[in-house]
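Residue numbers -24 to -1, 1 to 391, in mature numbering (1 follows the signal peptide of the UniProt record, and there is no 0), belong to the letters of the sequence shown in order.
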Amino acid sequence: MKKLCTVILFLTLLLNGFVPNAHAKTESPSADNNLQVAPPAAIKDVFPDPAMANEVLKSLNLKKLNKKSTSDTVTQTELNSLTGSFQAINKGIKSIEGVEYLQNITELDVEKNQITDIAPVANLKKLTTLLINTNQITDISPVADLANLTTFYCGNNPINDISAVQNLTKLSIFNCYTANVEDISPVKNLVNLKTLSLGSNNIHDISDIEKLTALEYLSFSNNPVENPEVIGNLTNLNTLWLYNAQIRNIDFTANLPKLKSVYLYNNQISNISEVSNWANIEYLELNNNQITDITPVANLTTLKTLKLNDQIITNREIPFQKNISIENKVMDNFGNIVTPNNISDNGTYNSPTLSWNLNETKDNLSYDFTTKITILNINATYSGTVIQPLTKDSTRPIITADGKVSYPEGTTKTT
């Protein structure tokens, strides 16, 4: 009788749902509380970010798995069917939780989202390509053990430490532009690199690239580069981006015979004699520099694009005088003096001399020039401004014994 009562009591509790943990092992946390579970489970539970879950749903249906919504269950076997590239670009994704279950993908492209944490990629050992540009990522340490990576883009993120790449010796392409990188020593052993793009950071010292002789594409634009001469060892370079990098001369390019595309605008370059050795050059941008002589470009017969506009040339200072004459040294591709088209302060020109007759003290004089040049079928404009600084006359008046005061010619007298 006692045994029968016990059975009846147990059945009563079971029917009323009071057996502790009766359902605990089968329930899946919902996406509402943002908890992640392993498959098999609803897609939205494996991938708690709704935007990410939706992209996985699309990919599964491309495999004809007929998932109607992110509430449908997905198994690990089904996730394993996703191979090759998984792309979710500009989809508003904030979290890539669950991506660790995409164990057979070789490329992950989640550019232009709002991702802050890439920890889930750490176990994707088959990845060869990882593209995480334009997110909100500060830490790339999860990539440190992705030994098969050959292509890694992490630009336009607030990253200052790239040490995670130091052992990724299969890397062929590494791009981390527009970040906060200062130290590039982690790349020094990446001898298989063919493309290195670190533009728009805060890099002063680039000596660590000296032995990366496989490099074909290099960008350090928008960095205050202090030792560009190390680039001279990279004899396989065909593309060089060094605009706005405080470059003063290009002597280091003397032994770079494979150069095809060179972007050196917005620097302080005045002498371009090395350009004449670039027998394969196709794209050359030297605008916004300090170039007065462009004869070295005359025989560049492979050119497709040439930019030489907006040079700003500052001559050495000379003393202010009432009458000033200077020589025009601006030369075109044929070695001809370029005639000025605008001279400040009513100056005159009698080639090759510019002259001024001044009635008052000036800090500087200037003249503009513009000329059209043609090299085979390529047309370009060579233009700029030449500034002539003048030192102020500091000569004091001479007071003689008879009380007379005399001033050197051209001195402005004030009372």
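Positions of the beta carbon are idealized from the N, C-alpha and C atoms, including for glycine.
Close-in-space but distant-in-sequence residues of the same chain around residue 393 (CB under 6 Å, 5 per side omitted)
A query on residue 393 cannot be resolved here, the shown segment of the chain reaching from -24 to 391 and no further.
Check SER327 in the structure and name its three-state DSSP category.
In this structure, DSSP gives SER327 a state outside helix and strand, which the three-state scheme calls coil.
I'd like to check one pair, SER139 with PRO162: are the Cβ atoms closer than 8 Å?
Between PRO162 and SER139, the CB-CB gap stays under 8 Å.
Using the Cβ count rule (16 or more neighbours within 10 Å means buried), how would you classify GLY60?
Residue burial is scored here from C-beta neighbours: GLY60 has fewer than 16 other C-beta atoms within 10 angstroms and is therefore classed as exposed.
For ALA255, which of THR53, ASN136, VAL273, ASN264 has the nearest alpha-carbon?
Among THR53, ASN136, VAL273, ASN264, the Cα nearest to that of ALA255 belongs to VAL273.
Residues in the same chain with beta-carbon distance under 8 Å from THR51, minus the five sequence neighbours each way, listed in chain order, please.
If we look at THR51 and ignore the five residues flanking it on each side, its Cβ neighbours are PRO15, PRO16.
GLY68 - DSSP class collapsed to helix/strand/coil
In the three-state reduction of the DSSP assignment, GLY68 falls in the coil class, being assigned neither a helical nor a strand state.
Residue(s) in a DSSP beta bridge with ALA98:
Beta-bridge partners assigned by DSSP to ALA98: none are found.
Do LEU188 and LEU216 have their beta-carbon atoms positioned less than 8 Å apart in this structure?
Annotated as distal: LEU216 and LEU188, with beta-carbon spacing of 8 Å or more.
Tell me the DSSP secondary structure of PRO316 in three-state form.
DSSP, reduced to helix, strand and coil, places PRO316 within a strand of the structure shown.
Can you tell me whether VAL167 is buried or exposed? The criterion is at least 16 other CB atoms within 10 Å of its CB, across all chains shown.
Exposed.
Measure from the alpha carbon of ILE81 to the alpha carbon of each residue in GLY68, LYS67, ASN66, GLU54, then state which is nearest.
Answer by Cα proximity: GLU54.
Meets three-Cβ-pair contact criterion under 8 Å: the region 330 to 348 and the region 309 to 318
The region 330 to 348, when compared against the region 309 to 318, does touch it at the 8 Å Cβ threshold.
According to the neighbour-count rule (16 or more other Cβ atoms, all chains shown, within 10 Å of its Cβ), is PHE310 buried or exposed?
By the neighbour-count rule (16 or more Cβ atoms within 10 Å), PHE310 is not buried but exposed.
Among PRO200, GLY131, LYS40, GLY74, the one whose alpha carbon lies nearest that of PRO24
With distances taken between Cα atoms, PRO24 lies closest to GLY74.
Through-space distance from GLN79 to LEU34, alpha-carbon basis:
A small fix is needed here, since residue 34 is Lys in this sequence, not Leu. Rounded to whole angstroms, LYS34 to GLN79 spans 17 Å at the Cα level.
How long is the line joining the alpha carbons of ALA230 and SER246, rounded to whole angstroms?
Cα to Cα, the separation comes out at about 16 Å.
Which residues share a DSSP beta bridge with TYR239?
In DSSP, TYR239 forms a bridge with TRP217, GLU261.
Can you give me the C-alpha to C-alpha distance between LYS368 and LEU334, rounded to a whole angstrom?
If I take the Cα positions, the gap works out to 14 Å.
Could you tell me which of GLU76, ILE160, LEU191, LEU352 sits nearest to VAL141, measuring between CA atoms?
For the residues GLU76, ILE160, LEU191, LEU352, the minimum Cα distance to VAL141 belongs to ILE160.
Burial state of GLU31, where buried means 16 or more other Cβ atoms lie within 10 Å
Buried: at least 16 other Cβ atoms inside 10 Å.
Return helix, strand or coil for PRO365, following the three-state DSSP convention.
Strand.
Just to confirm my understanding: we take LYS1, look at its own chain, exclude 5 residues before and 5 after, and list those with CB closer than 8 Å. What are they?
Because LYS1 carries a pLDDT of 32, less than 50, the predicted location of this residue cannot be relied on, and the following value inherits that uncertainty. For LYS1, there are no CB contacts under 8 Å within the same chain when 5 residues up- and downstream are skipped.
Select from THR268, LEU276, GLU250 the residue whose C-alpha is nearest the C-alpha of ILE257.
Nearest option by C-alpha distance: LEU276.
Determine, using beta carbons only, whether LEU106 and LEU125 come nearer to each other than 8 Å.
Their beta carbons are under 8 Å apart, which means LEU106 touches LEU125 by this criterion.
Which whole-angstrom value describes the C-beta separation of ILE223 and LEU240, a residue pair presumed to lie in contact below a C-beta threshold of 8 Å?
Indeed, because the Cβ distance is near 6 Å, the residues count as touching under 8 Å.
Rank THR278, ASN99, GLN12, PRO26 by C-alpha distance to the C-alpha of ASN353 and give the top, closest one.
When only C-alpha atoms are compared, the closest one is THR278.
Just to confirm before moving on: does the CB-CB distance between ILE149 and ILE135 stay below 8 Å?
No; because the gap between Cβ atoms is not below 8 Å, this pair is not in contact.
How close, in whole Å, do the beta carbons of VAL86 and ILE69 come, if the pair is a contact with beta carbons under 8 Å?
About 6 Å; that satisfies the 8 Å criterion.
Look up VAL50 in the DSSP assignment and give the residues it is bridged to.
Within the DSSP secondary-structure output, VAL50 pairs in a beta bridge with ALA17.
Nearest-angstrom Cα separation, counted from LEU84 out to PHE62:
Taking the straight line from one Cα to the other gives about 5 Å.
Boundaries (first-last residue) of the alpha helix (DSSP H) holding LEU33
That run of the alpha helix (DSSP H) goes 26 to 38.
Anyone know if the C-beta pair for ASN209 and GLU186 falls short of 8 Å?
Cβ atoms of ASN209 and GLU186: closer than 8 Å.
Could you tell me which residues DSSP puts in a beta bridge with THR281?
Among the bridge pairs identified by DSSP, THR281 is matched with TYR259.
Beta-carbon spacing of VAL157, LEU174 below 8 Å
Between VAL157 and LEU174, the CB-CB gap stays under 8 Å.
6 Å CB neighbourhood of ALA64 in its chain, flanking five on each side removed
Cβ-Cβ distances below 6 Å link ALA64 to GLU31, VAL86 in the same chain, with the five nearest sequence neighbours on each side left out; the list follows chain order.
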